[in-house]
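2 protein chains.
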Amino acid sequence: MGEMTANTRPQRRKRRMPTADELRVWREYIETAELLRTHVAASLQRECGLSTGDYVVLLALSEADGHRMRSSELASHIGWDRSRLSHHVGRMERRDLIRREECATDNRGAEIVLTRTGADAFDRSTVPHLREIRTAFVDALTAEQLAAAGDVARTLRAHLTETDQLPANGRAGR
Amino acid sequence: MGEMTANTRPQRRKRRMPTADELRVWREYIETAELLRTHVAASLQRECGLSTGDYVVLLALSEADGHRMRSSELASHIGWDRSRLSHHVGRMERRDLIRREECATDNRGAEIVLTRTGADAFDRSTVPHLREIRTAFVDALTAEQLAAAGDVARTLRAHLTETDQLPANGRAGR
DNA sequence: CAAGTGTGATTGACACGTCTACTATCCGCC
DNA sequence: GGCGGATAGTAGACGTGTCAATCACACTTG
Chain D
79 MGEMTANTRP QRRKRRMPTA DELRVWREYI ETAELLRTHV AASLQRECGL STGDYVVLLA
139 LSEADGHRMR SSELASHIGW DRSRLSHHVG RMERRDLIRR EECATDNRGA EIVLTRTGAD
199 AFDRSTVPHL REIRTAFVDA LTAEQLAAAG DVARTLRAHL TETDQLPANG RAGR
Chain W
79 MGEMTANTRP QRRKRRMPTA DELRVWREYI ETAELLRTHV AASLQRECGL STGDYVVLLA
139 LSEADGHRMR SSELASHIGW DRSRLSHHVG RMERRDLIRR EECATDNRGA EIVLTRTGAD
199 AFDRSTVPHL REIRTAFVDA LTAEQLAAAG DVARTLRAHL TETDQLPANG RAGR
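Here it is in structure tokens:
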């Protein structure tokens, strides 16, 4: 069990494929995150009738001035593209969780406004949702594991954004 | 840096909500995994025209005896429910990646068979796909981080399955 | 063998995400 | 003022995932 890697062989540059161990960790990582995501989403749906998307939108609106936000502003705040938000907000409007209003200062624009129903639904959802995050995630890990999970996530994200925004460089170097 | 938690206060039982730090790690964890998932999926789609679901199905079939599998067997092998598999396989059949055949030994049953087209698509996809996993995941992490990621994933999954299959106990204990 | 139950698989309805296209408006500039 | 490009938002098409309903066949049992 001790041998960390079989990398005593000279690696020619970086053309190497993942080893079986590395691939196993990848699958554990990605599948577990997926399991957790659906587990927490199912809990939120079951106990509060909200999807994760609903929760994210309601959270942003409940923290916004006047419980309202311009559509684009909301989209960039939660990291969605406008189309996704528009579709989702359409579904939420049918359920009376939010309301769309015209924007006074820009006739193209729309404001998404939190309704009473939406605010109530959000208020009822926070405690169960946070509790589920605690029981399913936080409680499962030691303090060291939690710190490691955060470290890994930040490292991965930094690597991802770093390599993503240099496509020109990658080509130009050739 | 040193103060791991503010938990010098006595915690009354386990009614505690996640702290801001814990919540931040949760969001880093779940959002990063989501980013990685879509990043790798987009790469596979762009370079090979396959979705992650396609890849999973094709991988299972390419490893199966005679490149064919009973539908239920395939579903449980890859951890999907039958409905999901049926929908997906329907779409894959339209693209000629697989074929459905009647089962000789059980007239209810169906066999999913890998087509030539599907086998070729899978063969072309493995190297780019594994390379993407390496560059986006494995290469981003140190050996210690990789080990920690695996450890965290296994711990989380164990905790999840453990608490999931004792719902009666949780209720009954009260 | 007939009735009843369980199982294999499909289907339809709906929520969700992404991409592309389109409309309406705003803004800078001549 | 009016032209042209940028921006805000919506809409359609399609792949994907989940749930409940359905259908056909298999199996068990009287």
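Protein chains in written order, with this note's numbering: chain D, 79 to 252; chain W, 79 to 252.
Glycine included, each C-beta is placed from N, C-alpha and C at the ideal position.
Keep in mind the model is a prediction, meaning the values are calculated, not measured.
So what does DSSP say about residue i, is it helix, strand or coil?
i: residue 182 of chain W; result: coil
i: residue 86 of chain W; result: Residue placement at residue 86 of chain W is poorly supported in this model, since its pLDDT is 49, which falls under 50; the coordinates are not used for a value here.
i: residue 147 of chain D; result: strand
i: residue 128 of chain D; result: coil
i: residue 142 of chain D; result: coil
i: residue 217 of chain D; result: helix
i: residue 94 of chain W; result: coil
i: residue 173 of chain D; result: coil
i: residue 245 of chain W; result: Low local confidence applies: a pLDDT of 46 at residue 245 of chain W is under 50, so the model's placement there is unreliable, and no value is given.
Output yes if chain W places a C-beta closer than 8 Å to the C-beta of residue i; else output no.
i: residue 160 of chain D; result: no
i: residue 211 of chain D; result: yes
i: residue 139 of chain D; result: no
i: residue 226 of chain D; result: yes
i: residue 248 of chain D; result: In this prediction, residue 248 of chain D scores a pLDDT of 40, lower than 50, which makes its location untrustworthy; no coordinate-derived value is stated.
Report yes if the CB atom of residue i is closer than 8 Å to the CB atom of residue j, and no otherwise.
i: residue 100 of chain W; j: residue 224 of chain D; result: yes
i: residue 59 of chain W; j: residue 108 of chain D; result: Chain W is shown only over 79 to 252; residue 59 of chain W falls outside these bounds and no answer can be derived.
i: residue 178 of chain W; j: residue 188 of chain W; result: yes
i: residue 192 of chain W; j: residue 140 of chain W; result: yes
i: residue 176 of chain D; j: residue 190 of chain D; result: yes
i: residue 227 of chain D; j: residue 230 of chain W; result: yes
i: residue 238 of chain D; j: residue 128 of chain W; result: no
i: residue 232 of chain D; j: residue 95 of chain W; result: no
i: residue 126 of chain D; j: residue 148 of chain D; result: no
i: residue 234 of chain D; j: residue 218 of chain W; result: yes
i: residue 162 of chain W; j: residue 150 of chain W; result: no
Any Cβ of chain D within less than 8 Å of the Cβ of residue i?
i: residue 192 of chain W; result: no
i: residue 168 of chain W; result: no
i: residue 196 of chain W; result: no
Chain W partners of residue i, CB-CB under 9 Å?
i: residue 215 of chain D; result: 96, 100, 103, 104, 107, 108, 234 and 237
Just the chain W side, please: which residues come within less than 7 Å of residue i by C-beta, in chain order?
i: residue 231 of chain D; result: 106, 107 and 110
i: residue 124 of chain D; result: Within 7 Å Cβ-Cβ: nothing; residue 124 of chain D doesn't reach chain W, min ~12 Å.
i: residue 113 of chain D; result: 235 and 238
Name, please, each residue of chain D whose Cβ falls closer than 9 Å to the Cβ of residue i.
i: residue 148 of chain W; result: Correct list: empty, because the minimum Cβ distance to chain D is about 23 Å.
Determine the chain D residues that contact residue i at a beta-carbon separation under 7 Å, and present them in chain order.
i: residue 117 of chain W; result: 238
i: residue 218 of chain W; result: 233, 234 and 237
Output, in chain order, the set of chain D residues within a Cβ distance shorter than 8 Å of residue i.
i: residue 152 of chain W; result: Correct list: empty, because the minimum Cβ distance to chain D is about 17 Å.
i: residue 208 of chain W; result: 95, 96 and 101
Query raised in the report: Taking one C-beta from the stretch 132 to 145 of chain D and one from the stretch 194 to 210 of chain D each time, how about it: are there three or more such pairs within less than 8 Å?
Result: Contact annotation: the stretch 132 to 145 of chain D touches the stretch 194 to 210 of chain D, with at least three C-beta pairs closer than 8 Å.
Query raised in the report: How do the stretch 166 to 183 of chain W and the stretch 205 to 212 of chain W stand: do at least 3 beta-carbon pairs fall below 8 Å, yes or no?
Result: No: the two stretches stay apart, fewer than three of their Cβ pairs being nearer than 8 Å.
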